[in-house]
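Asker:
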Amino acid sequence: MKTCKKFSFQDQDEHLEVTIEETIQQDYGLYIWPSAPVLAQYVWHNRQKLQSKSVLEIGAGTSLPGIVAARCGANVILSDSQQLVDALDACNTNLKLNNIDNGVVLGITWGQISSTLLELPAMDIILGSDCFYDSQDFEDILVTVHAIMQQNPNCQFWTTYQQRSCNRTIEHLLRKWDFKCQLVPLQSFHADGSDIAGFGMLNSPTVEMLKITMHIPIRNGDNYVTDYFLTRLLV
Ligand SMILES: C[S@@+](CC[C@H](N)C(=O)[O-])C[C@H]1O[C@@H](n2cnc3c(N)ncnc32)[C@H](O)[C@@H]1O
Numbered sequence: 005m006k007t008c009k010k011f012s013f014q015d016q017d018e019h020l021e022v023t024i025e026e027t028i029q030q031d032y033g034l035y036i037w038p039s040a041p042v043l044a045q046y047v048w049h050n051r052q053k054l055q056s057k058s059v060l061e062i063g064a065g066t067s068l069p070g071i072v073a074a075r076c077g078a079n080v081i082l083s084d085s086q087q088l089v090d091a092l093d094a095c096n097t098n099l100k101l102n103n104i105d106n107g108v109v110l111g112i113t114w115g116q117i118s119s120t121l122l123e124l125p126a127m128d129i130i131l132g133s134d135c136f137y138d139s140q141d142f143e144d145i146l147v148t149v150h151a152i153m154q155q156n157p158n159c160q161f162w163t164t165y166q167q168r169s170c171n172r173t174i175e176h177l178l179r180k181w182d183f184k185c186q187l188v189p190l191q192s193f194h195a196d197g198s199d200i201a202g203f204g205m206l207n208s209p210t211v212e213m214l215k216i217t218m219h220i221p222i223r224n225g226d227n228y229v230t231d232y233f234l235t236r237l238l239v
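My numbering applies: residue 5 is where the sequence shown begins, and numbers increase by one.
(1) Could you pull the start and end residues of the alpha helix (DSSP H) that Asp90 belongs to?
(2) At 3 residues or longer, and completely inside the segment 129-170: list those beta strand (DSSP E) runs for me, N to C.
(3) Should Asp15 go down as buried or exposed, given a rule of 16 or more other Cβ atoms within 10 Å for buried?
(4) Have a look at Met5, Ser56 and Cys76 and flag the residue whose alpha-carbon is nearest the alpha-carbon of His19.
(5) Beta strand (DSSP E) containing Thr217: first to last residue?
(6) Thinking just about the alpha-carbon of each residue, which of Leu92, Asp138 and Ala78 is nearest to the one in Lys57?
(7) Is the separation between the beta-carbon of Gln186 and that of Leu146 shorter than 8 Å?
(8) Alpha carbon to alpha carbon, how far is Met127 from Val72?
(9) State the Cα-Cα distance for the pair Phe193 and Tyr46, rounded to the nearest angstrom.
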């Protein structure tokens, strides 16, 4: 069954509405996961930084964060696994539903260094909502992000993580691939309430917002968190 959800982002001066189609099915659904409105709210909160920037969403599925980025003026590529045609169709459907003419959809499978991945232009921001859900994929996701960041070491990976199990960790992988990670408090971008842009979060699991970068020097006063984040997120 396909349904459309409306999301309404606002602050004192501005307002944005987007519509996202999701497919609710027992065997294979394309849902809007609770991580998506959190990341979309972060995108909305940082929209001034995204003007004309190159943004890639990985594991996009229903693509809410990428759609918000595009509507806020970014040049957006939505991607999902090359093997998951339904997911790629969902990306295209949601671009069309929101009248985004300049968005591009690509098949990018985590961990595969494909010609599509190698031919990507330099990206400023990578978005990933609820991609870290199966620990077998964790390193593949970071390999993909690492490969993209080779083109632009200042690229940032903004990702939301739904806490599912206390046994899962990406700590060793962040260290292995030389990433730095900042935990962004939800209240700092108004994502700590029971409703985000019309999406009810009351019964949702805990979602964390992470900003992952490469080779950023740690200076006094910088807010880069390693051990704190690692002990909180990855217990
Ligand atoms: C939990 S869903 C999250 C979807 C969407 N980002 C959200 O938060 O609502 C995970 C997404 O990752 C995609 N995915 C799964 N395995 C993948 C892979 N190996 N490479 C790329 N994408 C993959 C799925 O198709 C799905 O869209």
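Built from N, CA and C at the ideal position, the CB exists for glycine as well.
Answerer: Walking through what the data contain:
(1) Locating residue 90 in the sequence shown gives position 86, where the first residue counts as 1. Counting along the chain, the alpha helix (DSSP H) containing Asp90 begins and ends at Val89 to Leu101.
(2) 129-133 and 160-166
(3) For the purposes of this step, residue 15 is identified with residue 11 of the sequence shown, where counting begins at 1. Under this definition Asp15 is an exposed residue.
(4) The count along the sequence shown starts at 1 and reaches residue 19 at position 15. Ranking Met5, Ser56 and Cys76 by Cα distance to His19 puts Cys76 first.
(5) To locate residue 217, count along the sequence shown from 1; it is residue 213. Per DSSP, the continuous beta strand (DSSP E) segment holding Thr217 begins and ends at Val211 to Met218.
(6) Within the sequence shown, numbered from 1, the residue matching residue 57 stands at position 53. Cα-wise, what sits closest to Lys57 is Ala78.
(7) The residue given as residue 186 occupies position 182 in the sequence shown. The residue given as residue 146 occupies position 142 in the sequence shown. Not a contact, by the Cβ cut-off of 8 Å.
(8) For the purposes of this step, residue 127 is identified with residue 123 of the sequence shown, where counting begins at 1. For the purposes of this step, residue 72 is identified with residue 68 of the sequence shown, where counting begins at 1. Met127 and Val72: Cα-Cα distance of roughly 17 Å.
(9) The count along the sequence shown starts at 1 and reaches residue 193 at position 189. The count along the sequence shown starts at 1 and reaches residue 46 at position 42. The straight-line gap from Cα to Cα measures roughly 6 Å.
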